[in-house]
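Some notes on the structure that comes next.
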Amino acid sequence: MADYDVVVVGAGNAAMAAAVSAREQGAGRVAILEKAPRDLRGGNTHYSGGLLRFAYERGEDLLPLVPDVEQQVPGFLAGVESYPPRRFRADLDRVTEGRTDPELADILIGRSYDTVQWMARQGIAMEAAVSLSGVRVGATIKWSPGAVIRARHEGVGLSAMWFKAAQERGVDIRYGTSATRLVQDPRGRVTGVVTRDGDGFSEISARAVVLGCGGFEANPEWRARYLGRPWDHAKVRGTRYNTGDGLRIALEIGALPCGQWTGCHSTPIDAQAPAHGDRTLTDKTNRLSYPFGVLVDVHGRRFFDEGEDFQLYTYAKLGGIILNQPRGIAVQIFDAKVAGLLEGRYRTGTPVTADSLKALVEQLPIDGARCLETLEAYNAAVGSGTFDPTVRDGLRTTGLALPKSNWAQPLDTPPFTAWPVTGGITFTFGGVKVDERAQVQNTSWMPIPGLYACGEMVGGLFHSNYPGGTGLMSGAVFGRIAGANAAGA
Ligand SMILES: Cc1cc2nc3c(=O)[nH]c(=O)nc-3n(C[C@H](O)[C@H](O)[C@H](O)COP(=O)(O)OP(=O)(O)OC[C@H]3O[C@@H](n4cnc5c(N)ncnc54)[C@H](O)[C@@H]3O)c2cc1C
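Sequential numbering from -1 applies to the sequence shown in the working numbering.
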């Protein structure tokens, strides 16, 4: 008899969903292998904002998830727009430039609402994503459609709730235990994993294995190999343990690579952020209010249309664009008119401040004279119209080679603030090919018996960019599917 019915590799959102789902679907003995020690457990999930993007028809559909939301946020429903599946799909298609895998996208979107309800039943409490998605307008909050709800207490809470749910269901959790190889029988069926822990190597047998152990974002050699320069220099926003192990061991037995291996999710973060995610700061090094200001490189030039779209549709590509600028840094500049619109996360940093643009640029580690010219040209190019942070307001510049397409107000009200930023890598897009059962396919386009994958390891959904809140949703949807099918394997 095998040691376990199902072994799940990893302990982030996707793996946890798989383990809990496997137990629910009848797997008697389920183990989770977590490479990290207990005090660093939980993968990127722990560091995340816990934001969950899913489809719903009406604001009222959110009430079963957060029954007391109107008490938490008075007037909540008034600020929520409908987000039916076709709208989610349009967002995913738009930001991935039509490259998202249509079958996986259908599954992700089609099962998203059902899966958040399932998560709630498993003990994942939720709340309105006030600081991530809401823009306050007077007394009410306008929500970014589809990205309204997050796990209670963000990623820290989500991870803790998943561990509690797994423990309550009798899942064995082995910390400091890394999967180093998959074991197959002569017919090619995956029958277990070789692991390494403090005592050395051993083998664990299982009827099925689910890989939910992240991408290769924390592996500089793989970043250089697949993403190229300058990604080996990137700061890692989350866990240091996602070094591509799951991808490597799957590819070693013939899994089919899939998706954009040169692509990743990467965001503007504080230039002083640590080399790897800080467990207390978590996602608070993000600097995502750039649509309301001006962004310049070290030569003092603009290089990105800050107002191209809402931040949740541009932030995941902007980190890489910044990292590819000279010295891999840039500066966000705001005036006092928008100070109240800066995300609360800005409070974890200290800006350069001045009462004139000239005095501001002189303090920055960039070409100040050129920057001042850029800001003056920008101010002169701002058109007329009404600034409205809750819609694409069309308040754009005219005559600049690189426009700012929305929210373009002049920088004219002191005090001015400047925030040095760099690009931090979040997770990689390349993965393995899975079918609708989350079963891993081989290079002959046949399922590998006994092997399933979920979370960041699934290739094909994201290309070049990503709509905020989709990573955790994908992990939960495919984790749940993987666990259920592994239980029946
Ligand atoms: C700062 C930050 C903020 C984010 N905010 C959001 C957000 O608000 N909403 C959203 O949707 N997404 C967000 N994301 C992305 C999201 O966190 C990821 O998409 C998601 O957590 C991936 O889940 P996962 O289970 O696939 O991987 P992870 O959560 O990274 O888990 C991978 C697990 O595998 C383990 N592991 C690795 N190698 C091995 C091995 N060889 N053996 C055993 N275990 C191994 C790791 O230790 C870890 O436990 C954010 C990410 C970061 C870093």
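Just so it is clear, CB atoms sit at the ideal spot from N, CA and C, and this is done for glycine as well.
List the endpoints of the continuous alpha helix (DSSP H) containing residue i.
i      : result
LEU533 : Absent from the model: residue 533. The displayed extent of the chain is -1 to 487, so no value can be given.
ILE446 : Taken as a continuous stretch (DSSP letters only), ILE446 belongs to no alpha helix (DSSP H), being part of the beta strand (DSSP E) at 445 to 451.
HIS44  : 41 to 45
ALA158 : 152 to 166
GLU371 : 366 to 379
GLU125 : Element bounds for GLU125: not the alpha helix (DSSP H) but the beta strand (DSSP E), 124 to 126.
LEU362 : First-last for LEU362: undefined, no H or E at that position.
LEU249 : 243 to 250
GLN70  : 67 to 70
Determine the closest residue to residue i out of the options, with distance taken between C-alpha atoms.
i      : options                           : result
ALA222 : GLY261, VAL181, GLY244 and GLY198 : GLY261
THR175 : GLY381, GLY421 and ARG39          : ARG39
LEU102 : LEU398, GLY429 and LEU449         : GLY429
ASP179 : VAL191, VAL6 and GLY457           : Rather than Asp, the amino acid found at residue 179 in this sequence is Arg. Answer by Cα proximity: VAL191.
GLY47  : ARG235, ARG92, VAL5 and GLY397    : ARG235
VAL71  : LEU130, THR138 and LEU340         : THR138
GLU250 : VAL181, ALA314 and TRP417         : VAL181
ALA484 : GLN437, PRO289, GLY41 and THR193  : GLN437
LEU449 : PHE427, ALA482, LEU459 and THR426 : ALA482
PRO401 : THR426, VAL380 and SER264         : VAL380
ILE319 : PRO228, GLY24, SER129 and THR94   : PRO228
SER264 : GLY26, ARG246, GLU215 and ARG300  : GLU215
ARG394 : ALA352, THR426 and GLU306         : GLU306
SER550 : VAL64, ILE327 and GLY383          : Since the first and last residues shown for the chain are -1 and 487, residue 550 lies out of range.
Whole-angstrom Cβ separation of residue i and residue j, contact assumed at under 8 Å?
i      : j      : result
ARG167 : LEU49  : 25 Å between Cβ atoms; not a contact.
ALA474 : ALA15  : 5 Å
GLY210 : ALA13  : 3 Å
SER157 : THR43  : 5 Å
ALA419 : ASP365 : Checking the displayed sequence, the identity of residue 419 turns out to be Val instead of Ala. Contact flag wrong, Cβ pair sits at about 17 Å.
ASN11  : TRP160 : 7 Å
ALA204 : TYR2   : 5 Å
VAL7   : ALA20  : Contact doesn't hold; Cβ gap of about 13 Å is too wide.
THR441 : LEU254 : 5 Å
Can you give me the start and stop residues for the beta strand (DSSP E) that residue i sits inside?
i      : result
ALA12  : Looking at the DSSP string, ALA12 is not in any beta strand (DSSP E); the run it does join, the alpha helix (DSSP H), is 11 to 22.
GLU201 : 198 to 209
ALA149 : 147 to 149
LYS140 : 138 to 141
ALA29  : 28 to 31
VAL292 : 292 to 295
ARG172 : 170 to 172
ARG179 : 176 to 182
ARG134 : 132 to 135
VAL350 : 350 to 352
PRO266 : 262 to 268
Could you have a look at residue i and say whether DSSP puts it in helix, strand or coil?
i      : result
TYR311 : helix
GLY96  : coil
ALA487 : coil
TYR224 : helix
LEU393 : coil
ALA89  : Rather than Ala, the amino acid found at residue 89 in this sequence is Asp. Note: ASP89 maps to helix in three-state DSSP.
THR441 : coil
GLY422 : strand
ALA416 : strand
PHE332 : strand
TYR81  : strand
LYS431 : coil
ASP281 : helix
THR193 : strand
VAL7   : strand
PRO289 : helix
LEU459 : coil
VAL475 : helix
VAL234 : strand
LEU50  : strand
Using only the alpha-carbon positions, how far apart do residue i and residue j sit?
i      : j      : result
ASP230 : GLN258 : 18 Å
GLU454 : ALA53  : 20 Å
ASP410 : ASN377 : 8 Å
VAL133 : THR237 : 29 Å
THR312 : ARG390 : 13 Å
SER110 : THR372 : 44 Å
ILE331 : GLN361 : 12 Å
PRO413 : GLY466 : 31 Å
VAL208 : THR396 : 53 Å
THR424 : TYR45  : 10 Å
ASP281 : GLY275 : 8 Å
GLU79  : TRP220 : 41 Å
GLN120 : GLY477 : 13 Å
Would the C-beta of residue i count as close to ligand 2, meaning under 7 Å from any of its heavy atoms?
i      : result
GLU125 : Annotation note on ligand 2: not contained in the displayed structure, which lists ligand 1 as its ligands.
Does the CB of residue i have a neighbour CB from chain B at under 8 Å?
i      : result
THR138 : The chain inventory of the structure shown lacks chain B, comprising one protein chain alone.
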